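Asks: Heads up, the numbering used here is the position in the sequence shown plus 1, with the first residue counted as 1.
Backbone N, C-alpha and C fix where the C-beta goes; we use that ideal spot for every residue, glycine too.
Quick caveat, the model's predicted, so the values are computed rather than measured.
Here you go, one structure.
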Amino acid sequence: MSSSRRTYSSSSSSRDSSSRRRSRSPTRSRQDYNEQSKDKYRHNGRQSSSYHENRSRHHDSNNRHHSSHRDNEYEDNRNRRNHHPYSEDFRQDSKLEPNINVVLRNLPDRAREVDIEQKLNSMEASIDDVSLIKDRDSGESRKFAFIRFTSVGHAIQFVEKHRTFDMDSYIVRVDYCKKNNVADDKEEWRCTKCGNFNPTSRRNCLECRQSFSSSAAEKRTYETETIEINDGTKDISSSPSKMLLLRQLDHLSTEESIYNAVHSLQGVYRAILIRDKLTKMSCEFAFVEFSDIESARLALDYCRELLTIDGRRVTVSFANQESFIPVYGQSEWFIPADTIDGLWAYWDKSAYASQYSFAIVEERKRREEEQKRVKEEELKKAQQVKESLEDDLSAFYADMGDFGADEDTNSDIFAVPKLK
């Protein structure tokens, strides 16, 4: 009996000790669990809100950064627009420096690279490569090519001797290529074993795996060179205007032939052909100015389908009126603007605008006749003044002759002659 009590008490004491050991941590009722869950949810909510606030602040800072970046780009573009080609600084910086690459412009329509190379060889040009530029879609020649000479000296010698030359009745213009302002020069080293050129980023030859040796390897540098050929594509406008742009004209088309092809359209005012300043040849695109936008819109629908000039189909679109820059003073490169006493110049410094229309011709004739009439009147007045002066002189000399006709017998030099 006592043993059973001891057994029971020992078991109960073991349960009490186990319960005491378990009770070292606080009891977790469902209510406490719910409270802790709520606290955890609120804590996570605060963390989430702080995360979103930080993300929002980061997004705002990025927006401010992009906004300032856009503002800077706007200012740069604005400064670039204000710096038009007729400013003094632009003219000073626009001179192309001699380099090994040369561009040929206004090439014949059917000229091939072989033909160009043969022509240059006949002119004693020391060339390394000829690259004729073609249209990506049609594959037709864009009438300009890049020529790489064997050295800069050969390029300088050729350009100074042949600024222009004749090729199949085309006046071809020669210019140096324009270098990019970005520093993207590429340097290569030549393997002393196989002679292959490798980029400087590689320390082993691509062909023979020979290691690079700075003391023995030959280096060469290529500069990225480009030139912009003005074929009128920069003058295209997507918005309606009172000017149409005609491209892909025949190189022999004139202002008068262009005007005669479109003068029957409603509201035509004048035709403006763009010519090269050096050769005075056509750049093969022109502008047609109308009296209003609606007339230009109606003419565009007709010209896109049926317009041919000198037997050639032309490409027609709206023109950008900002292609012409307001200028001051008198020059052979300027044309009258659409405002009273205003003048325009074409934006490309190497080209100029030449205009024609019946109204302009009639106005020119009227001014010439007016100037001729004014000159005739001035000559007539001058003749009358001359005749009047001659009459006065004749009368004066006649009076002087009568005055000295009576001879006084007195030989005294101090004697006063007597009047009749």
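Return the residue from the list Tyr353, Arg313, Gln385, Tyr303 that minimises the CA-CA distance to Ser324.
Replies: Nearest option by C-alpha distance: Tyr353.
Asks: Is the beta carbon of Ile157 less than 8 Å from the beta carbon of Ile128?
Replies: no
Asks: Three Cβ pairs or more, each shorter than 8 Å: is that satisfied between the region 238 to 249 and the region 289 to 302?
Replies: yes
Asks: Quickly, what does DSSP pair Ser318 with across the bridge? List them, please.
Replies: Leu246
Asks: Taking the DSSP output, what are the residues bridged to Ile128?
Replies: Phe150
Asks: Whole angstroms are fine: how far does the CA of Ser239 sit from the CA of Glu378?
Replies: C-alpha of Glu378 to C-alpha of Ser239: approximately 53 Å in a straight line.
Asks: Taking 8 Å as the cut-off, does the region 300 to 307 touch the region 379 to 398 (at least 3 CB pairs, one atom from each stretch)?
Replies: Because the criterion of three Cβ pairs below 8 Å is not met, the region 379 to 398 and the region 300 to 307 do not touch.
Asks: Which residues bound the beta strand (DSSP E) around Leu274?
Replies: 269 to 277
Asks: In or out: Tyr171 buried (at least 16 other Cβ within 10 Å) or exposed?
Replies: buried
Asks: Kindly indicate the opening and closing residues of the alpha helix (DSSP H) around Glu118.
Replies: 114 to 123
Asks: How is the alpha helix (DSSP H) around Glu257 delimited, first residue to last?
Replies: 256 to 263
Asks: Report the rounded CA-to-CA distance for Tyr270 versus Gly154, giving the unit in angstroms.
Replies: 50 Å
Asks: When you compare only the Cα positions, how much space is there between Ala399 and Val375?
Replies: 36 Å
Asks: How should Ser355 be labelled, buried or exposed, when 16 other C-beta atoms within 10 angstroms of its C-beta is the threshold for buried?
Replies: buried
Asks: If you draw a straight line from the alpha carbon of Leu308 to that of Leu274, how long is it in whole angstroms?
Replies: 16 Å
Asks: Output the boundary residues of the alpha helix (DSSP H) element that contains Tyr329.
Replies: Element bounds for Tyr329: n/a, residue is neither H nor E.
Asks: Excluding five sequence neighbours on each side, which residues of the same chain lie with their C-beta closer than 6 Å to the C-beta of Phe166?
Replies: Within the same chain, Cβ atoms closer than 6 Å to the Cβ of Phe166 are found at Val173, the five residues on either side in sequence being excluded.
Asks: Looking at the strands, I want to know which residues DSSP matches up with Glu323.
Replies: DSSP output for Glu323 lists no bridge partner at all.
Asks: If you run the structure through DSSP and keep just helix, strand and coil, what is Asp176?
Replies: strand
Asks: Can you check which of these residues, Gln384, Lys235, Phe286, Ile310, is closest to His264 by C-alpha distance?
Replies: Between His264 and the set Gln384, Lys235, Phe286, Ile310, the nearest pair of CA atoms involves Ile310.
Asks: Give a yes or no on contact between the region 131 to 148 and the region 276 to 283, applying the rule of three or more CB pairs nearer than 8 Å.
Replies: no
Asks: Just the Cα atoms here: how many angstroms apart are Val131 and Met168?
Replies: 16 Å
Asks: Could you tell me which residues DSSP puts in a beta bridge with Asn107?
Replies: Asn107 pairs with nothing; no bridge assigned.
Asks: Rounding to the nearest angstrom, what Cα-Cα distance links Asp186 and Cys178 in this structure?
Replies: Interpretation of Asp186 is limited by its pLDDT of 43, a score under 50 that renders its predicted location unreliable; the figure taken from the coordinates is listed afterwards. Annotation: Asp186 to Cys178 spans about 15 Å, alpha carbon to alpha carbon.
Asks: Taking the beta strand (DSSP E) that Ser283 falls in, what are its first and last residues?
Replies: 283 to 291
Asks: On a Cα-Cα basis, can you pick out the residue from Glu98, Asn100, Leu133, Ile101 that is closest to Asn107?
Replies: Checking every option, the nearest Cα to that of Asn107 belongs to Leu133.
Asks: Quick check: what's the CA-CA separation for Gly330 versus Ala338?
Replies: 13 Å
Asks: Tell me the residue span of the alpha helix (DSSP H) that contains Asp302.
Replies: 294 to 307
Asks: So what's Ile230 in DSSP terms, helix, strand or just coil?
Replies: coil
Asks: For Trp345, list the residues DSSP reports as bridge partners.
Replies: Pro327, Ile336
Asks: Going by beta carbon distance, what residues of the same chain come within less than 8 Å of Gly343, once the five residues before and after it are set aside?
Replies: Setting aside the 5 residues that flank it on each side, Gly343 is surrounded in the same chain by Pro327, Pro337, each with a C-beta closer than 8 Å to its C-beta; the list follows chain order.
Asks: Within 10 angstroms of the Cβ of Ala360, are there 16 or more other Cβ atoms? Answer buried if so, exposed if not.
Replies: If you draw a 10 Å sphere on the C-beta of Ala360, you find fewer than 16 other C-beta atoms in it, and that means exposed.
Asks: Skipping 5 residues on each side, what residues in its chain have a beta carbon closer than 6 Å to that of Glu290?
Replies: Met244, Tyr270, Arg271
Asks: Who are the near neighbours of Ser358 in its chain, counting only those whose CB is closer than 7 Å to its CB and skipping five residues on each side?
Replies: Tyr260, Tyr270, Arg271, Ala272
Asks: Whole angstroms is fine: what's the gap from Gln384's alpha carbon to Asp236's?
Replies: 55 Å
Asks: Which residue from Ala146, Asn102, Ala287 puts its Cα closest to that of Ser152?
Replies: When each option's Cα is compared against that of Ser152, the closest is Asn102.
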